[in-house]
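In this note's numbering, the protein residues as written are 442 to 620.
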């Protein structure tokens, strides 16, 4: 029981908070909502942690709960859109990246995926989970997970392929293509 072992709970939060937050953010594309999901996931861990037997079980459980919570939040937000201060972007200074347009393009393409495809692609490529693990975490058949993964990847490829010529022309015109 984690209520009687606060040090263990704090260690688990420190070790897994980035994973839980990142997974929620990748599904929701919203900082405040991802933070709320992460907080709720760790509250549930605190209450139910005594049932988890191993470190792998804890990680599996955290991914499963985070993905489900994020999908639930996404559905609620879609049905009940809100406008408030939390939606205003915070001023952030980002570290320079070698090709920021690629990362931004990928982020936009991921945000354009339906939430289940976004969750499956994120769990597979960010979290390194196998399709059977994703199926167990999302309580979906493995075939459904594979099909969502295939559709999501096809959609990402199409979206990024459409953007490539525009980006090349834009960069070529701006910096001189040498032609």
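All residues carry an ideal CB built from backbone N, CA and C; glycine is no exception.
Remember, it's a predicted structure, so these values are computed and weren't measured experimentally.
Beta-carbon spacing of residue i, residue j below 8 Å
| i | j | result |
| --- | --- | --- |
| residue 479 | residue 499 | no |
| residue 563 | residue 464 | yes |
| residue 459 | residue 505 | no |
| residue 567 | residue 467 | yes |
| residue 514 | residue 469 | yes |
| residue 598 | residue 554 | no |
| residue 450 | residue 491 | no |
| residue 481 | residue 510 | yes |
For residue i, the three-state DSSP class (helix, strand or coil)
| i | result |
| --- | --- |
| residue 493 | coil |
| residue 554 | coil |
| residue 476 | helix |
| residue 567 | coil |
| residue 600 | helix |
Extent of the continuous alpha helix (DSSP H) to which residue i belongs
| i | result |
| --- | --- |
| residue 574 | 572–579 |
| residue 458 | 447–469 |
Same chain, Cβ closer than 6 Å to residue i, five either side skipped, listed in chain order
| i | result |
| --- | --- |
| residue 493 | 499 and 502 |
| residue 483 | 454 |
| residue 474 | 514 |
Residues of its chain near residue i, where Cβ-Cβ distance is below 7 Å and the 5 sequence neighbours each way are ignored
| i | result |
| --- | --- |
| residue 589 | 557, 558 and 561 |
| residue 573 | 583 |
Contacting residues, own chain, Cβ-Cβ under 8 Å from residue i (five flanking each side not counted)
| i | result |
| --- | --- |
| residue 576 | 582, 583, 585 and 586 |
| residue 477 | 514 |
| residue 552 | 470 and 559 |
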